[in-house]
Structure formats: C-alpha cells, structure tokens
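Taking it in order: structure first as structure tokens, then the write-up.
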Ligand code: SAH
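In the numbering used here, the protein residues as written are 22 to 386.
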C-alpha cells in the first residue's frame with residue numbers, strides 16, 4: 022500500500038466530507054491556540070523579517086485549513102502592535118499529500134483575502150500558496166521558513182511498518198488494524214521503530230528549512246503507554262473483526278491490514294527530539310478529552326444516539342479513503358453503522374479518551 026496514494030480525508034463539501042466533519046480537530050486547534058500565540062510572540066520578538074514565512078503541515082481541506090492561517094495572522098498582528106512595529110507581510114504555505122482536495126481550499130481564498138483586508142491594516146500583504154508533498158522529506162528551500170504549525174497530522178506515519186506482515190504474507194497483528202490489547206510486543210516494536218524513523222526525518226527536514234531561531238508547534242494524537250489499548254482505531258478494528266465473524270470480510274484481509282498511524286507517548290517524543298538534536302524543546306503538554314466531549318461542547322442537548330451518529334460520521338470522514346482502499350467501498354456503510362450502534366456502550370465500559378500532545382520547538386542557533 023502506497024500511503025501517499027490512499028491517505029487523504031474525504032474531500033469536497035458533501036455530507037461525508039472532512040470539511041463538514043472536522044469539529045474534533047477544530048476543538049483541538051482552539052485548545053492549542055494559547056500555545057501557538059506564545060510561540061509566535063516569542064518568535065516575533067526575536068526575528069524581524071520583511072516577509073514572515075509560515076507553513077501548516079497536513080492542512081487538509083475544509084474550514085480548519087484557513088482558520089489556522091487566520092489565527093496565526095491575528096497573533097502576528099497583535100504581537101507587532103505590542104512591539105510598536107509595522108507588521109511584516111506574510112506568506113503561508115498549506116501543505117498536504119498530493120491527493121488532498123486543495124481545490125476546495127483555493128475556492129475559499131478570495132473570500133478569505135477579502136476578510137483579511139477588512140480586518141487588518143496592511144492590506145494586500147498576505148500570500149497563500151499550496152505545497153503538496155510528504156512532510157517526511159524536504160518541502161521547502163534551506164533557511165526559508167520562520168514558523169511551522171501542524172495539527173492532528175503527525176500521527177499518520179509514512180508507511181505501515183513492513184515487519185507487520187511476514188515475507189510469507191502472514192499478518193503479525195491478527196484481527197487488529199492498529200496496536201490493540203491482543204497485539205504482541207513485536208507489533209508494538211515495529212510501530213515504534215517506524216515512528217522513530219519518520220519523526221527523525223521530519224525533524225531533520227524542518228531543521229534545514231527553518232531559519233535559526235525559527236519555531237514549530239506540533240499537535241498530535243498521543244498515548245499514555247504505547248500499547249494503551251483505548252485508541253479509537255482499535256474500536257474500528259473490532260468492528261471489522263465482527264464483520265469477519267459474520268463472514269462479510271475474509272479473515273486474511275483483516276490480518277494483513279494495518280493503519281499507517283502511531284500515537285507516541287511524551288517520553289517517546291522527547292527521546293526522538295533529543296537524539297535528532299536540532300531543536301530545543303520549549304514545551305510539551307498533554308491534554309485529554311472523552312471521545313464525544315467535542316460534540317457535547319458544540320451542543321449539550323445532543324442525546325446519546327445523536328452523539329454516536331456524529332462521532333461515527335466524523336471518524337468515517339478521516340478513515341474511509343484508506344479503509345475503503347483495502348476492504349472495499351461497499352463494506353463502509355455496514356462498518357460505520359456497526360461503529361455507530363456500539364460506540365457509546367463501549368465508551369461506558371472503557372476509558373475512551375483522545376490524548377493530545379502539543380510540542381513546541383525552537384531551532385537551535
Ligand atoms: N490540520 C487539519 C487536518 C488534520 S487531518 C486539521 O486540524 O483539521 C490530517 C491531514 O494530514 C490529512 O489531510 C492527511 O492527508 C495529512 N497527512 C498525513 N500524512 C501526511 C504527510 N506525510 N505529508 C503531508 N500531509 C500528510
């Protein structure tokens with residue numbers, strides 16, 4: 022499976038699109054806002070470029086994409102006002118894999134520029150561009166960026182660890198699609214090694230692209246222990262397993278599929294940052310939310326049934342392209358119907374939380 026070919030969120034703005042189902046990610050962006058603000062303030066107090074260059078890595082396609090840029094622009098404006106200096110012009114690069122629906126974002130740009138020009142004094146000095154490609158490799162010229170942001174993207178690793186399927190074609194992680202209660206230590210080891218390789222390449226690439234003193238705020242899904250079993254993808258895997266038991270999916274098909282996903286612990290993140298060596302870790306925070314708390318926040322009157330339906334559609338918007346590429350589009354309705362039916366019972370029995378890590382880094386001078 023070539024991850025870059027199959028990993029993307031549901032595009033467009035239809036009922037099942039990521040654009041209409043990214044409230045969880047939006048809630049995370051809003052929680053991390055003060056951390057981004059602090060990082061930008063620090064950056065703008067030390068660097069005074071004529072044009073500030075920023076990048077949002079794994080920007081996807083939908084309202085969150087431009088929300089991040091707009092928040093960063095507001096931060097920069099406020100910081101320069103405090104410093105009593107004229108704000109710089111700004112170039113923002115939106116990055117995602119080439120299959121991302123960039124066109125939907127481009128169509129929002131005229132309205133976005135208009136709003137910026139109404140809200141801010143330095144009209145016409147914002148420039149937004151797309152930079153398709155994998156962040157597990159170089160995307161920008163040497164010393165060309167000042168600030169890098171990424172939210173809810175880095176848990177997608179560059180490939181499914183090769184060792185999860187033997188040369189003879191046997192799956193190591195039988196009955197699961199990610200690290201789960203029944204996974205062996207070998208499965209955990211394969212995943213962690215892949216994460217280490219990927220995150221190292223990520224840091225090394227950004228270290229070349231950022232100017233000295235440039236900074237990054239990265240938010241990713243994390244875990245408490247690497248084999249923490251309560252990942253939402255473990256639950257999706259258990260519903261696929263039910264479909265195997267009902268004879269709807271071949272057992273071997275499930276046994277040989279694994280997600281290119283890894284939720285690291287704080288210690289694992291620190292270990293890779295220290296070993297790579299180009300960045301100073303300014304801050305590493307963890308915050309947790311119940312799987313459905315972002316839905317309750319949006320509307321506290323939603324009952325259990327509606328919350329299950331929303332959670333199911335939201336997870337589908339993220340997982341459908343990659344799951345359908347292996348299990349077939351025709352299995353998706355059944356899979357997510359099962360998810361919807363069982364998820365709240367599961368949440369009552371298990372401690373089901375999203376664990377989020379926020380990593381603030383500065384490139385060493
Ligand atoms: N930041 C957005 C999107 C999160 S979804 C938000 O908060 O709403 C994660 C995005 O990361 C997806 O669009 C996916 O295509 C992208 N992604 C995953 N792996 C990537 C890679 N290696 N390079 C670039 N983008 C990647």
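Positions of the beta carbon are idealized from the N, C-alpha and C atoms, including for glycine. These figures come from a predicted structure and were not determined experimentally.
- Taking a contact as a CB-CB distance under 8 Å, the pair residue 90 and residue 105 does not count as one, their CB atoms being some 25 Å apart.
- Annotation for residue 51: the continuous alpha helix (DSSP H) segment containing it runs 44 to 67.
- Contact between residue 117 and residue 178 is absent: CB atoms are separated by about 15 Å, not below the 8 Å threshold.
- Looking at 72, 169, 382, 165, the one whose alpha-carbon comes closest to that of residue 298 is 382.
- Under the rule that a run must span 3 or more residues, the beta strand (DSSP E) segments found entirely inside the region 88 to 162 read 110 to 117, 147 to 153.
- Annotated as proximal: residue 176 and residue 242, with beta-carbon spacing under 8 Å.
- Of the other Cβ atoms in all chains shown, 16 or more fall within 10 Å of the Cβ of residue 256; this residue is therefore buried.
- In the structure shown, the three-state DSSP call for residue 181 is coil.
- Boundaries of the alpha helix (DSSP H) around residue 331: 325 to 348.
- With respect to residue 53, residue 379 sits close: the two C-beta atoms are nearer than 8 Å.
- According to the DSSP assignment, residue 221 belongs to no beta strand (DSSP E) but to the alpha helix (DSSP H) extending over 206 to 230.
- Not one heavy atom of ligand 1 falls within 7 Å of the beta-carbon of residue 280.
- Unbroken alpha helix (DSSP H) runs of no fewer than 4 residues, entirely contained in the region 249 to 278, are found at 253 to 266, 272 to 276, following chain order.
- Cβ-Cβ distances below 6 Å link residue 229 to 163 in the same chain, with the five nearest sequence neighbours on each side left out; the list follows chain order.
- Inclusion of residue 156 and residue 79 in the CB contact set at 8 Å is warranted, their separation being smaller than that value.
- Counting the other Cβ atoms within 10 Å of the Cβ of residue 215 gives 16 or more, which makes it buried.
- Going by DSSP, residue 81 is part of no beta strand (DSSP E) at all; its letter is neither H nor E.
- Our two residues, residue 342 and residue 361, have alpha carbons roughly 18 Å apart in a direct line.
- A direct Cα-to-Cα measurement between residue 180 and residue 59 gives close to 33 Å.
- When beta bridges are read from the DSSP output, residue 76 appears opposite 114, 169.
- By the criterion of a C-beta distance shorter than 8 Å, residue 270 is surrounded in its chain by 261, 264, 348, 352, once the five residues flanking it on both sides are discounted.
- In this chain, the alpha helix (DSSP H) harbouring residue 294 covers 287 to 297.
- Counting along the chain, the unbroken beta strand (DSSP E) around residue 383 starts and ends at 374 to 384.
- Residue 386 is classed as exposed because its beta carbon has fewer than 16 other beta carbons within 10 Å across all chains shown.
- With fewer than 16 other Cβ atoms from the protein chains shown falling within 10 Å of its own Cβ, residue 72 counts as exposed.
- Between residue 193 and residue 174 the beta-carbon gap is near 26 Å, outside 8 Å, which marks them as no contact.
- Beta-bridge partners assigned by DSSP to residue 236: 168, 383.
- The beta carbon of residue 234 sits closer than 8 Å to the beta carbons of 64, 67, 68, 383, 384, 386 from its chain, once the five residues preceding and following it are set aside; these are given in chain order.
- Distances from the CA of residue 184 to each of 213, 196, 203, 61 were compared; the closest alpha carbon is that of 213.
- For residue 306, the uninterrupted beta strand (DSSP E) segment begins and ends at 300 to 311.
- Boundaries of the alpha helix (DSSP H) harbouring residue 315: 314 to 319, taken from the DSSP string.
- One alpha carbon belongs to residue 335, the other to residue 301, and they sit about 35 Å apart.
- Residue range 353 to 370 is occupied by the alpha helix (DSSP H) that includes residue 370.
- Using a Cβ distance threshold of 8 Å, residue 93 and residue 57 count as a contacting pair.
- Taking the Cα of residue 309 as reference, the smallest distance to any Cα among 244, 187, 364, 132 is reached at 244.
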